[in-house]
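Notes to accompany the following structure.
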Amino acid sequence: MSLAESKVPSTTGTVTVASLAKRWADKNPGQIAMREKYRGVWREYTWADTWELVEDAAHGLIALGVDVGDRVSIHSEDRPEWVLLDLATVAARGITVGLYPTNPAAEVEYLLADSGAAVHLAEDQEQYDKVVESNPDYVRSVQKIIYVEPRGFGDYDDDRLIHWDDFLELGRRHKAEFPDAVARRMAEAEEGDVMTLVYTSGTTGPPKGAMLNNKNVQFCIDVIINAPNRVPGGPPTPDDLIVTYLPLCHVAERIFSTWTMVGAGPVLNFAESIDLVNENLREVQPTIFFAVPRIWEKLHAMALIKANDATRFKKSMLGFGLRLADKIGKEKVANGGDHTFKSRLMAMVGYPLVFRSLRERLGLRRVRYAGSGAAAIAPEVLEFFIGLGVPVYELYGMTENSAVATANFVHRMKLGTVGEPYEGIGFRIDDQTGEIQVKHDGVFAGYWNKPEKTAETFTDDGWLMTGDVGEWVDGTHVKIVDRIKHIIITSGGKNISPSEIENSLKTSPFVNEAMVIGEGRKYLSALIAIELDTVGDWALRRNLSYTTYRDLSEKPEVVGLIQEVVDETNEKVARVENIRQFRLIPKELDHEDGELTATQKLKRGAMEEAFAELVESMY
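If you read the sequence shown in the numbering used here, its first letter stands for residue 17, the second for the next number, and so on.
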C-alpha cells in the first residue's frame with residue numbers, strides 16, 4: 017500500500033450500504049442489528065459489533081490484494097458471515113457476487129469464471145469441493161478461498177485456503193498498520209461503482225450477471241422504506257423484526273433483509289436453515305416478512321395438515337376457522353384490503369377461537385407487513401392469509417430494475433394484480449406487445465461483460481424491457497399476464513397464458529408444481545408434481561401405504577385425487593384452456609438435477625426434455 021493510501025481524503029464519498037451500516041454503528045452502537053441461533057441460543061450482534069467485524073473483514077480483503085472493482089464471491093447459506101463479507105466488500109469498493117447454496121459444481125465453475133472472482137467464500141467442505149471440481153483453467157482468477165465451517169478441511173492442502181477467523185485476524189493486523197485504509201476506500205466511493213452482480217435465474221440460457229451500482233441500490237432502499245402507504249403502520253423501524261431465510265444472492269431477499277436492515281435498522285434474524293424456518297418463525301414472530309409464492313403455498317398447506325391432524329373437536333373448530341378466514345379474505349380484498357363491518361365481526365369471532373393460535377403456530381402472529389413476489393401467486397392463497405389477519409401485499413419487480421416497479425399499497429389492494437407503479441418512476445405497457453417497460457434510477461447498469469445482451473434489454477429510447485406481459489386493471493393497477501416467451505400458441509392459433517392455469521392448479525395443497533404444455537399442439541396438457549407432505553398425509557389417512565415419492569405418485573388413488581384438482585381448474589377457465597391430459601412427475605423436482613432454477617422456477621425446456629416420454633404419451 018502506498019503512503020497516499022494511508023491518509024483519508026476530505027471527500028465523504030457517496031452513500032453505500034456499508035456507509036449506512038457505519039451510520040447506525042455511530043448513532044446507535046448498542047442497538048441490536050443481527051441475531052443468529054448458536055448452539056440452541058440466539059446470539060446477538062449490536063451495530064457496534066457488526067461494524068467492527070465489517071471493518072475487520074474489509075481490511076482483510078485489502079490485505080489479500082482486493083482492489084477497487086475486484087469481485088468477491090460468496091457461496092453460503094444465510095448467516096452473519098454472508099452479510100459481513102457483503103458489506104465489507106462494498107466498503108473496500110469491491111463487487112459482491114452471490115452464489116446459491118444449491119448451485120451444483122458446473123454452475124459454480126461458470127459463475128466463478130464469468131465473474132472473475134478474486135476471493136471466494138466457501139461456507140463448508142461441500143461448497144469448497146465444488147470449486148475443486150471446477151476446471152482450474154476456467155477459475156484461475158480465484159486467489160484466496162475463505163471457509164467458515166472447519167469440519168472436513170484437515171486433510172486439504174491448498175494454500176488458497178484461509179479460515180474465517182484467521183481472515184478477520186489478518187484484517188485486524190492490517191487495520192493496526194493502515195488504520196485509515198477502509199475509510200479511504202469508502203470516502204472515494206462513487207455512485208456508479210458496481211457494488212454487486214446478481215445473476216439471473218437462467219431459465220432459458222446461461223445466467224447473466226446484472227450489475228447493480230450504488231445509485232441503483234440507494235434508490236431502491238429509499239423507495240422501499242419511504243414510499244407512502246407501502247407498509248401498514250408506517251415505514252420499518254429498529255423495533256421491527258425480520259427473518260432471513262431465502263438465499264441472500266437473490267435480489268428480493270437482499271432488499272427485504274440486508275438493505276432494509278441498513279436503511280431502517282430492523283433486527284435481522286437468521287433462520288437456522290430452510291428446513292427449520294417454520295420453527296424459527298415461531299420463535300422470532302417477525303413483524304415484517306417476505307416470501308415467494310412457494311413458501312406461502314407451503315404455509316397454507318401446513319395449516320390444512322394441522323386441521324387434519326387435530327382431535328375431532330379441534331378439527332371441527334379449525335375447519336370452521338379456515339372457512340371463516342376464506343370468507344373474511346374475500347370480503348376484505350373486495351374492499352381494498354380493509355375490513356368491512358361484516359368482516360370485522362367475523363374476525364372478532366375467528367380470532368379468539370382459531371386465528372390467534374394458528375398465526376402463532378405459523379410464526380405470523382405479529383406480522384404487520386408481508387410481501388409476496390418473484391412469481392405469481394394464486395389469489396385464493398392470498399385471500400386465506402388476509403382473512404387470517406396477515407396483511408399480505410403482492411408486488412412486482414425484477415433484478416434488472418432493483419425490484420422497483422409496482423406494489424399493492426395500504427387501502428388500495430386489488431387481488432390478482434401486482435399493484436400500482438411507484439410514484440415518480442417511469443412505467444409503461446407497450447401498445448403493440450403488451451410488454452411492461454420501466455425507467456428510473458434503480459434500473460441496472462447492464463450485464464457483466466455482455467454489452468450485446470445489455471443492448472437487447474433496452475428500447476431505442478432507453479426504457480428497460482422486462483419481458484413480462486402486463487395489462488391495466490381499472491386504469492391504476494397492473495396484472496401480470498405471463499412472460500412473453502412463455503405464451504403458448506396452439507396449432508389452432510390461440511394465444512394462451514400458461515401461468516394462470518398453473519397457478520390455479522397450485523392453489524390445491526396437493527400440487528407442488530405444474531407445467532402446462534401446448535405449443536403447436538391441438539390441446540393443452542400438463543406435467544404435475546404432487547406435494548409430498550399433503551398427499552402423503554392424505555394417503556395415510558386412507559390406509560394407502562407407500563415407500564417412495566414415485567410409488568406414491570403412481571397410485572391410482574393419487575392420480576384420481578389430482579384429476580379432481582384438474583377438473584376444478586378446467587371449470588374456472590375457457591374451454592380452449594382446459595387441460596385434456598396430465599401426467600404425474602415420478603420424482604421431486606430439483607435444482608441440481610436441472611429441472612428448477614436456484615429460485616425454484618421451472619426450466620421449461622429442461623422439463624420437456626427430461627420428461628419427453630411423459631409429454632408424448634399425452635398426445
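Note that beta-carbon positions come from the ideal geometry of N, C-alpha and C, so glycine has one too.
Following the DSSP letters along the chain, one finds SER524 in no beta strand (DSSP E), marked with neither H nor E. In terms of CA proximity to LYS53, ASN296 leads the group ASN296, ASP354, ALA107.
For VAL57, the enclosing beta strand (DSSP E) starts and ends at 57-62. Residue nearest to GLU396 within the set LYS330, MET362, ALA317 is ALA317 (criterion: CA-CA distance). In this model, ASP549 and LYS603 are separated by some 14 Å (Cα to Cα). In terms of Cα proximity to GLN448, the closest of GLY486, ASP86, VAL233, VAL406 is GLY486.
For LYS191, the CB contacts under 6 Å within the same chain, skipping 5 residues up- and downstream, are HIS75 in chain order. When the Cα atoms are used, LEU521 and VAL527 turn out to be separated by approximately 7 Å.
As the crow flies, the alpha-carbon of GLU416 is around 10 Å from that of VAL454.
Note that the region 194-204 does not touch the region 85-98; fewer than 3 beta-carbon pairs, one per stretch, sit closer than 8 Å. The C-alpha of GLY170 lies about 25 Å from the C-alpha of LEU100. Taking C-beta atoms as the reference points, GLY110 and LEU77 count as a pair closer than 9 Å. Here the C-alpha atom of ARG51 lies approximately 36 Å from the C-alpha atom of VAL551.
Within the same chain, PHE526, VAL551, TRP554 come within 8 Å of LEU577 by CB-CB distance, once the 5 residues on both sides are set aside. The beta carbons of SER388 and VAL365 sit no closer together than 9 Å.
If you draw a straight line from the Cα of LEU480 to the Cα of VAL459, it comes to about 7 Å.
THR112 is bridged by DSSP to VAL88, THR212.
Look at the region 255-286 and you find these whole runs of beta strand (DSSP E), each 3 residues long or longer: 257-260, 283-286.
About 6 Å separates the Cβ atoms of THR303 and VAL383, confirming a contact at the 8 Å cut-off.
The beta carbon of LEU69 is closer than 6 Å to those of LEU100 in its chain, skipping five residues each way along the sequence. DSSP lists THR422 as the beta-bridge partner residues of TYR412. Residue burial annotation: SER633 is exposed, with fewer than 16 other C-beta atoms found within 10 angstroms of its C-beta.
Counting of Cβ neighbours within 10 angstroms places GLY405 among the buried residues, the total reaching 16 or more.
Counting every other CB atom within 10 Å of its CB across the protein chains shown gives SER332 a total below 16, marking it as exposed. Excluding the 5 residues flanking it on each side, ALA394 has same chain C-beta neighbours closer than 8 Å at PRO309, GLU313, ASN519, SER520, LYS522, THR523, in chain order.
A residue is called buried when at least 16 other Cβ atoms come within 10 angstroms of its Cβ; TYR154 does not meet this threshold and is exposed.
As DSSP reads the structure, VAL532 sits in a beta bridge with ALA542. In this structure, the beta-carbon distance from ASN465 to GLY225 falls below 9 Å. Counting only unbroken stretches of 4 or more residues, the alpha helix (DSSP H) elements lying wholly within the region 136-200 are 141-148, 180-193, in sequence order.
Residue pairing of GLN597 in beta bridges, as defined by DSSP: SER541. Exclusion of the five residues before and after LEU184 leaves LEU69, ASP72, ALA73, GLY76 as the residues of its chain whose Cβ lies within less than 8 Å of its Cβ. Under the DSSP assignment, LYS510 falls outside any beta strand (DSSP E); it carries neither an H nor an E label. Using a Cβ-Cβ distance cut-off of 8 Å, the region 578-592 and the region 349-358 are not in contact, since fewer than three pairs of beta carbons, one from each stretch, lie closer than that value. Around the Cβ of PRO572, a 10 Å sphere holds fewer than 16 other Cβ atoms; the residue is exposed. Relative to the Cα of LEU315, the nearest Cα in the group ALA391, LEU380, ALA545 belongs to LEU380.
Segment contact: the region 610-628 against the region 132-141, fewer than three CB-CB distances shorter than 8 Å; contact not assigned.
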